[in-house]
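Following: one structure in structure tokens, then a few remarks.
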Amino acid sequence: MSRWPAKVTIKEVGPRDGLQNEAAPIATADKIAWINLLSETGLSYIEVTSFVHPKWIPQLADAAEVAAGIRRKDGVTYAALVPNEKGLERALGAGVDEVGVFMSASETHNEKNINKTIAATFPVLEAVVKTAKQAGKTVRGYVSTVFGCPYEGAVPVDQVLTVADRLLVMGVDELSLGDTIGVATPKQVEEVLAEVLRRFPVDRIAMHFHDTRGTALANIVVSMEMGITTFDSSLGGLGGCPYAPGASGNVATDDLVYMLHGMGIDTGIDVERLTKAALFIRDKIGRPLPSRYLQTVRS
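Under our numbering, the first residue of the sequence shown carries the number 568, and numbering increases by one thereafter.
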């Protein structure tokens with residue numbers, strides 16, 4: 568029996584996590600066109616935007632217009648991040664399929680990112696989850712700084728477990744555990760997941776790796792060996808966190824697909840169409856993207 572999964576689910580976060588750190592504005596029409604291209608690749612999940620206040624993430628100020636303007640494809644979940652009930656109201660009005668809530672495992676990053684303590688964040692998210700569920704939506708919970716914090720350094724795994732437990736108890740359907748600043752190594756991933764999977768079902772856990780130090784793919788391999796089959800990625804390797812100094816982009820969707828397909832693991836994704844979408848956003852941003860796969864493509 569192979570130690571690799573037969574199939575992996577890739578959740579594309581480029582339109583949100585990928586674009587949020589871009590300083591130069593991307594036209595709303597280009598964001599919509601890019602998401603429409605992503606919808607034709609075989610991806611089953613696209614995080615299209617974030618309904619945070621525009622002053623915090625100016626690049627995503629057009630969240631409602633983007634979510635309402637995309638061409639929706641059957642079988643694709645169109646998700647968005649929301650910080651509070653006001654953001655949720657806007658997201659529900661724009662017809663998102665799934666709501667994403669977020670917080671950090673480290674106190675300082677949580678206060679920098681959300682402007683609240685961890686303790687004060689729980690009731691805010693609990694209200695969001697409750698209302699989203701009443702509206703018939705699934706809810707995803709993002710936990711940032713699981714493997715390290717830009718302000719505090721190492722993050723005790725007990726803090727990760729406490730946050731994860733509270734989110735699952737309040738009704739979150741899936742947890743995405745994030746290496747926000749890209750410091751994780753395979754050994755650390757194995758150690759943290761061993762603790763996480765003692766407490767929580769493996770099918771409720773996804774991983775979200777940034778590739779700041781070039782270890783994201785290696786960390787995904789270890790995660791698969793531990794039974795994880797859902798991973799977040801950003802096409803072209805776009806991304807970074809405005810409140811995590813030094814954090815570079817997410818693991819590139821195209822690099823991840825190349826590796827998985829080479830390992831005989833099904834993703835349901837068409838590489839040619841994925842490359843077309845990557846070249847489109849690269850040209851709109853106007854600079855080379857970090858992904859290694861794109862460097863091999865003649866265009």
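Ideal placement from N, C-alpha and C gives every residue a C-beta, glycine not left out.
Sheet register partners of residue i (DSSP bridge)
{"i": "A773", "result": "S743"}
{"i": "A594", "result": "For A594, which the question treats as bridged, DSSP gives no partner whatsoever."}
{"i": "E579", "result": "I613, S800"}
{"i": "L648", "result": "S617, G667"}
{"i": "V574", "result": "According to the sequence as given, residue 574 is Lys; it is not Val. BP columns for K574 point to D833."}
{"i": "S858", "result": "S858 pairs with nothing; no bridge assigned."}
{"i": "Y718", "result": "For Y718, which the question treats as bridged, DSSP gives no partner whatsoever."}
{"i": "N588", "result": "DSSP, once it has assigned bridges, lists no residue as partnering N588."}
{"i": "G708", "result": "V668, L742"}
Closest Cα partner of residue i within the set the options
{"i": "G806", "options": "V643, G720, D746", "result": "D746"}
{"i": "L841", "options": "K700, D822, G816", "result": "D822"}
{"i": "R570", "options": "A661, V691, M793, L742", "result": "M793"}
{"i": "S671", "options": "M830, G781, L744", "result": "L744"}
{"i": "N682", "options": "R766, W601, H620", "result": "H620"}
{"i": "V818", "options": "V789, D833, L784", "result": "L784"}
{"i": "K851", "options": "T576, I593, L586", "result": "I593"}
{"i": "I637", "options": "L604, D837, A628", "result": "L604"}
{"i": "A573", "options": "G816, P717, I832", "result": "I832"}
{"i": "W623", "options": "G654, A721, Y612", "result": "G654"}
{"i": "P855", "options": "M830, M826, G803, D664", "result": "G803"}
{"i": "H775", "options": "P753, T782, M791, S800", "result": "S800"}
{"i": "L537", "options": "S606, V575, T608, A628", "result": "A query on residue 537 cannot be resolved here, the shown segment of the chain reaching from 568 to 866 and no further."}
{"i": "K679", "options": "V580, V666, D664, Y718", "result": "Y718"}
{"i": "A702", "options": "R657, R765, S711", "result": "R657"}
{"i": "F767", "options": "V739, A844, F618, R583", "result": "V739"}
{"i": "Q626", "options": "G581, E665, R765, V763", "result": "G581"}
Test item: CB-CB of residue i and residue j under 9 Å
{"i": "T684", "j": "E693", "result": "no"}
{"i": "V706", "j": "V759", "result": "no"}
{"i": "L648", "j": "T616", "result": "yes"}
{"i": "F689", "j": "M737", "result": "yes"}
{"i": "N786", "j": "A751", "result": "yes"}
{"i": "E652", "j": "V713", "result": "no"}
{"i": "G869", "j": "T796", "result": "The requested residue 869 does not occur in the structure, where the chain is confined to residues 568 to 866."}
{"i": "I599", "j": "Y645", "result": "no"}
{"i": "I836", "j": "I577", "result": "yes"}
{"i": "L846", "j": "V824", "result": "no"}
{"i": "L742", "j": "Y709", "result": "yes"}
{"i": "G715", "j": "V722", "result": "yes"}
{"i": "G853", "j": "A596", "result": "no"}
{"i": "R639", "j": "S606", "result": "yes"}
Where residue i falls, given that 16 or more other Cβ within 10 Å makes a residue buried
{"i": "T820", "result": "buried"}
{"i": "P650", "result": "buried"}
{"i": "E839", "result": "exposed"}
{"i": "H676", "result": "buried"}
{"i": "D641", "result": "exposed"}
{"i": "G816", "result": "buried"}
{"i": "A661", "result": "buried"}
{"i": "K881", "result": "The structure shown does not extend to residue 881, since the chain is modelled only from 568 to 866, so the question has no answer here."}
{"i": "H828", "result": "exposed"}
is_contact[residue i, chain B] using C-beta, thresh 9 Å
{"i": "Q701", "result": "The displayed structure is made up of one protein chain only, and chain B is not part of it."}
Checklist entry - Counting Cβ pairs, one atom from each stretch, are 3 or more of them under 8 Å apart for the stretch 844-860 and the stretch 632-645? => result These segments do not touch.
Checklist entry - Do the stretch 726-733 and the stretch 697-707 meet, that is, are 3 or more Cβ pairs less than 8 Å apart? => result Note that the stretch 726-733 does not touch the stretch 697-707; fewer than 3 beta-carbon pairs, one per stretch, sit closer than 8 Å.
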